[in-house]
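Inspection log for the structure reproduced underneath, given as structure tokens.
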Ligand SMILES: [Fe+2]
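Residue numbers (this note's numbering): 22 to 408.
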């Protein structure tokens, strides 16, 4: 394989300022003040409050001489009415910088609040690409799971509760000014979330790597994420050693930078309607879909497989078919070893809903960059195999 094969020849690469390291949550106040903040709108959730991380951020804000308003009315798969309420609170208090602390739900809610506080309207008005007109308030986003990537991404995913689907909002504006990762926050992440959020990161890295919008820059980050996940996921899930957990944080960051710039594929195109319809865990859905989507994609991504095989630590193989089998086997084994869910049925998905979910996935923006163009029957076939 020659370097750069099947990669975009013209591209841009967008990332926020990145702050990373154990104990760095103490720097949130300095970061918010650097962005011109005086009254901070802090978005998080009850679980992180009880774990003590919200308190640490509040102390950091106070030490930096900043006032703050705390908003925690955010649930899993953040809802349209939650971000609309958050925006009203942001404006009512005259806040000027948003800090989001949490998993994808809290950070995407923070983005939704930023969009509405500056642009007005309903969150569904901004679905799609580049629909945001007015500049957003500055944001500092702090991930506390090992998979979402929302802290670096140009995406915000919000649930439309009337249509029972997810809105994908894609814009350079929703990438925050600062992404601040403190791997210490993973100490209180429940074991099942280590697996599901890390398998979300694995999906981000693999879909970014196979994306038709992949570039040399996104490939570097995708392969780095895959190597870190391969080397640390099982140890992190079963032993929670600090080094393995920190490496999952790193993997999430690299995967986030990759997919934010090369976009995703069929796993996420299907996961969004499933998550919106059943309010199911995003990482769990991805873990179930990933092996089937890789099986579907492999015939059209053969030129990139040697690099991926290297990322997965596989022994070299020259024959394309052998490499494909090895890659598929490695991904299957990794998901199995960390106890990831294996069927959509186990997540509450109903067989009679599969055609509707496949139809909704056809509308999802993530489908555009899939390496293999899927029609309704292809998507339905993947769902049936994953059922
Ligand atoms: Fe994801």
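The beta carbon of each residue, even a glycine, is placed where N, CA and C say it ideally should be.
Bear in mind the structure is a predicted one, so any value in this text is a computation, not a measurement.
Residue of the options minimising C-alpha distance to residue i
i           : options           : result
residue 203 : 101, 270, 99      : 270
residue 71  : 209, 108, 258     : 209
residue 268 : 277, 278, 257     : 257
residue 114 : 138, 96, 102      : 138
residue 34  : 136, 207, 55, 282 : 282
residue 229 : 289, 56, 68       : 289
residue 376 : 408, 88, 361      : 408
residue 409 : 30, 124, 57       : Past the boundaries of the shown model lies residue 409; the chain is included only from 22 to 408, so the question cannot be answered.
residue 223 : 105, 254, 63, 199 : 254
residue 101 : 334, 73, 136, 246 : 136
residue 411 : 194, 164, 36      : Look at the range of the chain in this structure, 22 to 408, and you will see that residue 411 is not part of it.
residue 184 : 206, 172, 299     : 299
residue 73  : 90, 170, 205      : 205
residue 400 : 371, 353, 317     : 317
Buried/exposed call for residue i, threshold 16 Cβ in 10 Å
i           : result
residue 156 : exposed
residue 48  : buried
residue 357 : exposed
residue 148 : buried
residue 313 : buried
residue 162 : buried
residue 242 : buried
residue 168 : buried
residue 325 : buried
residue 187 : buried
residue 159 : buried
residue 107 : buried
residue 373 : exposed
residue 67  : exposed
Check whether residue i and residue j have beta carbons under 8 angstroms apart
i           : j           : result
residue 190 : residue 390 : no
residue 310 : residue 403 : yes
residue 144 : residue 133 : yes
residue 181 : residue 297 : yes
residue 179 : residue 294 : no
residue 245 : residue 333 : no
Collapsed DSSP secondary structure at residue i in the structure displayed
i           : result
residue 195 : helix
residue 97  : coil
residue 38  : strand
residue 33  : coil
residue 51  : helix
residue 22  : In this prediction, residue 22 has a pLDDT of 39, which is less than 50 and means its spatial position is unreliable; what the coordinates show is noted afterwards. Coil at residue 22, not helix or strand.
residue 63  : strand
residue 187 : strand
residue 383 : coil
residue 163 : strand
residue 176 : strand
residue 201 : strand
residue 182 : coil
residue 206 : helix
residue 280 : helix
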